[in-house]
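Report on the following structure.
Protein chains: 2
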Amino acid sequence: MSEAKVERLLINYKTLEEFERFTAYGNQELSMLEDLRNNIVENDSESPFYGVYYGNALAARMSLYKVDKKYDQYFQPSQDYLILWKLEVLPNYRGRGFGKALVEFAKNCNLPIKTNPLINSQGFWEKMGFQKAKYEMERDFGENPLIWMPEGVKEKE
Amino acid sequence: MSEAKVERLLINYKTLEEFERFTAYGNQELSMLEDLRNNIVENDSESPFYGVYYGNALAARMSLYKVDKKYDQYFQPSQDYLILWKLEVLPNYRGRGFGKALVEFAKNCNLPIKTNPLINSQGFWEKMGFQKAKYEMERDFGENPLIWMPEGVKEKE
């Protein structure tokens, strides 16, 4: 079992600087930085990110968002579900179960989860119990969606 | 000016085999292959892909889909727009204007376009007249959306 402690990440300059080390740094982080600079978000307010620290350094992170069931296009019956994105463990901290700890944290919410992984991470997601969603172009476009369902939930037909 | 001829790609075993050479090969292509094998789509039916051939070889491709204005979350006034994804030129055929030819083909439809590029292709998209959409988490999640607008169209505020 991993001893990693998963915590909600707070929006502040230190976190945003640490985010720059992650490959998936993009518009989301830039927009958070701009909002912080312009006082549109308060310092230390909650971000959609969760992470694992190793000492003082952010070693791994993911973003989580709960989608309301009225927008559910994946599950049956329609229900609230989580979108998980930007799961990433920095190279120096791999092999310690941090990625697994983050995904297990998400699974413990007991809601179905949808993610769109990097293609070369398929093995990891399978081990975590995720399966390919049936591809639907008008919903998925360039994505390769994977889903995880708690007991009693099925994929939408 | 590029002399590249852009054509609609047809779903058949030859095209699907050529798709395997592209990095973004994923669930979409696998699902097309399965549908073809199971006679759910007819041989040589139209795919959502457009491509440029060099001799007999597929050298570049992109996927295009027209979204109905009732689902438009990007533009003002709300209108039909194109999603462009999986734009890719195979390494041996780069520097010949094939990527540009594909994007210009899409722009000639005279509808706004949304794409989610690879982060390292920002310079190309800028040259093509695309700009960053303002990031909205509940719409964009892990995407870094870029948009292009014909005259008279604005980004949604």
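In order, the protein sequences belong to chains A and B.
For the first sequence, the positions run -15 to 141 when the working numbering is used.
For the second sequence, the positions run -15 to 141 when the working numbering is used.
Built from N, CA and C at the ideal position, the CB exists for glycine as well.
Neighbourhood of residue 19 of chain B by C-beta distance below 7 Å, restricted to the same chain and skipping five residues each side | 25
Grouping DSSP H, G and I as helix and E and B as strand, with all else coil, what is residue -2 of chain B?
-> helix
Shortest alpha-carbon distance to residue 11 of chain B belongs to which of A:35, A:123 and A:3?
-> A:123
For residue 57 of chain A, three-class secondary structure by DSSP | coil
Compute the distance between the beta-carbons of residue 87 of chain A and residue 66 of chain A, then report whether it is under 8 Å.
-> no
Residues, ordered as in the chain, of the segment 61 to 81 of chain B that lie near chain A by beta-carbon distance below 9 Å = 67, 69 and 70
For residue 28 of chain A, which residues from the same chain have a beta carbon less than 8 Å from its beta carbon, with the 5 sequence-adjacent residues on both sides left out?
-> -6, -5 and -4
With distances taken between CB atoms, is the gap from residue 133 of chain B to residue 101 of chain B smaller than 8 Å?
-> Cβ atoms of residue 133 of chain B and residue 101 of chain B: not closer than 8 Å.
Please determine, among B:31, B:135 and B:126, the residue with the shortest C-alpha to C-alpha distance to residue 47 of chain A.
-> Taking residue 47 of chain A as reference, the option from B:31, B:135 and B:126 with the minimal CA-CA separation is B:126.
Can you list, in chain order, the residues of its chain whose CB lies under 7 Å from that of residue 35 of chain A, leaving out five sequence neighbours each side?
-> Contacts found: -9, -7, 42, 44 and 45.
Check the Cβ of residue 116 of chain A against every Cβ in chain B and list those closer than 8 Å, keeping chain order.
-> In chain order: 11.
N- and C-terminal bounds of the alpha helix (DSSP H) containing residue 143 of chain A = Since the displayed chain A opens at -15 and closes at 141, residue 143 of chain A lies outside it and no answer follows.
Check residue 91 of chain B in the structure and name its three-state DSSP category.
-> Helix.
Determine the chain B residues that contact residue 15 of chain A at a beta-carbon separation under 7 Å, and present them in chain order.
-> Within 7 Å Cβ-Cβ: 119.
Less than 8 Å separating the beta-carbons of residue 59 of chain B and residue 140 of chain B?
-> Yes, these two residues count as a Cβ contact at 8 Å.
Cutoff 6 Å; reference residue 54 of chain A; Cβ partners in own chain excluding five residues on either side | Shown here for residue 54 of chain A: not one same chain residue has a beta carbon closer than 6 Å to its own, the five before and five after excluded.
For residue 78 of chain B, the three-state DSSP class (helix, strand or coil) | coil
Going straight from the alpha carbon of residue 2 of chain A to that of residue 74 of chain A, what length do you get?
-> A direct Cα-to-Cα measurement between residue 2 of chain A and residue 74 of chain A gives close to 11 Å.
Whose CA, out of B:109, B:106 and B:61, lies closest to the CA of residue 136 of chain B?
-> Checked all of B:109, B:106 and B:61; the closest Cα to residue 136 of chain B is B:61.
Residues from the segment 41 to 52 of chain A in contact with chain B, defined by Cβ distance under 8 Å = Within the segment 41 to 52 of chain A, the qualifying residues are 47 and 49.
Per DSSP, residue 34 of chain A forms a beta bridge with which residues?
-> Residue 34 of chain A is bridged to A:-8 and A:46.
Taking any Cβ of chain B, which residues in the segment 86 to 107 of chain A have a Cβ under 8 Å from it, in chain order?
-> Residues passing the 8 Å Cβ filter: 100 and 103.
In or out: residue 7 of chain A buried (at least 16 other Cβ within 10 Å) or exposed?
-> exposed
Integer Cβ distance of residue 131 of chain A from residue 114 of chain A, believed to fall under 8 Å | Contact between residue 131 of chain A and residue 114 of chain A holds, since their C-beta atoms are separated by about 6 Å, short of 8 Å.
Rounded C-beta distance between residue 9 of chain A and residue 32 of chain A? I'm assuming under 8 Å.
-> The Cβ separation is near 15 Å, so there is no contact.
Does the beta carbon of residue 56 of chain A come closer than 8 Å to any beta carbon on chain B?
-> no
Per-residue DSSP class, three states only, for residue 63 of chain B = coil
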